[in-house]
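*Asks:* Quick note on numbering: numbering that gives the first Met the number 0 labels position 147 of the sequence shown as 146, and the sequence is numbered without any gaps. Can you read through this structure? Questions will come right after.
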Amino acid sequence: MPKPVIRLSDDRPLLDVASYARPGPGRRDRLSPTEIEHISLTVHRAPEVMIKVLSRGGQDLGAVQRHIGYIGRYGDLDIETDEGPALRGREVGKELLENWDLDLDEHRRHAELAAAYGRQPPRLVHKLIFSMPPGTPPDKVLAAVRNFAREEFALKHRYALVLHTDEPQPHVHMVVKAVSEQGVRLNIRKAILRRWRAEFA
């Protein structure tokens with residue numbers, strides 16, 4: 000079929016009205032294999048590994064201690080730390096707060112806030128959840144989180160983690176001290192979270 004054109008005169012077209020679905024500049028007409036695989040998994044609702052950052056409760060000592068008590072099921076579960084041995088008992092949260100010097104961090108933070116009134120207080124800790132699809136062996140989930148924590152935080156940020164198996168998806172709760180041993184604050188941005196998810200997966 001010939002291309003329809005409007006001619007002002009016999010030798011020059013005024014308007015070319017047919018594009019034949021040509022892509023515009025910079026537009027791609029094909030998906031990469033990775034994008035196709037991701038769309039396929041989404042369409043078929045395939046379960047994926049997940050890292051979730053809990054946004055509330057990391058700003059004061061009382062909230063941090065309560066969270067550590069909760070993830071350790073108030074003394075019923077072992078809490079593993081970056082120092083190696085597992086801890087258990089109702090006083091583990093208090094011991095970790097003292098060991099990590101979070102009371103000093105909170106005191107320093109209040110002094111900073113007095114100078115910058117109106118700002119939201121910075122976090123003492125970050126609370127993370129790592130989970131895998133139902134049916135994944137819990138020991139493999141725990142081993143994967145241990146490896147991730149060792150690679151990402153060892154000798155920098157103090158951390159503690161606990162495996163929970165009370166839901167279909169085995170998951171690990173992790174508490175990470177927001178300020179490293181070198182005094183550098185950990186800010187979890189979207190790009191960091193994407194990289195963590197890729198590494199954990």
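Backbone N, C-alpha and C fix where the C-beta goes; we use that ideal spot for every residue, glycine too.
Rounded to whole angstroms, how far is the Cβ of L160 from the Cβ of G57, which I believe are closer than 8 Å?
*Replies:* In fact, because the Cβ distance is near 15 Å, the residues do not count as touching under 8 Å.
*Asks:* Could you pull out every unbroken alpha helix (DSSP H) segment of at least 4 residues lying fully inside the segment 111-185, listed in chain order?
*Replies:* Counting only runs of 4 or more, we get 137-152.
*Asks:* Report the residue from G88, V174, E82 whose alpha carbon sits nearest the alpha carbon of L127.
*Replies:* Ranking G88, V174, E82 by Cα distance to L127 puts V174 first.
*Asks:* Label P136 either buried or exposed according to how many other C-beta atoms from any shown protein chain fall within 10 Å of its C-beta, with 16 as the threshold for buried.
*Replies:* Exposed, because fewer than 16 other Cβ atoms sit within 10 Å of the Cβ of P136.
*Asks:* Can you grab the Cα-Cα spacing for the pair E82 / K155, in whole Å?
*Replies:* Computed Cα separation, rounded: 12 Å.
*Asks:* Would you check if the distance between the CB atom of V48 and the CB atom of F199 is smaller than 8 Å?
*Replies:* Taking 8 Å as the Cβ cut-off, V48 and F199 qualify as a contacting pair.
*Asks:* On the three-pair Cβ rule with 8 Å, is the segment 61-73 touching the segment 179-190?
*Replies:* No contact exists between the segment 61-73 and the segment 179-190.
*Asks:* Using the beta-carbon count (16 or more within 10 Å), is A113 buried or exposed?
*Replies:* With a pLDDT of only 49 at A113, under 50, the local geometry of the prediction cannot be trusted, and the value read off the model is given with reservation. The residue is exposed, with fewer than 16 neighbouring Cβ atoms inside 10 Å.
*Asks:* Comparing C-alpha positions only, which one of S31, V171, V91 sits nearest to D138?
*Replies:* Of the listed residues, the one whose Cα sits closest to D138 is V171.
*Asks:* Near L141, what residues of its chain come up, given a Cβ to Cβ distance below 7 Å and the 5 sequence neighbours on each side ignored?
*Replies:* L162, V171.
*Asks:* Starting from the Cα of F152, find the closest Cα among E90, L30, W195 and give me that residue.
*Replies:* For the residues E90, L30, W195, the minimum Cα distance to F152 belongs to W195.
*Asks:* Express the C-alpha separation of L96 and A85 in angstroms, rounding to a whole number.
*Replies:* Taking the straight line joining both Cα atoms gives about 16 Å.
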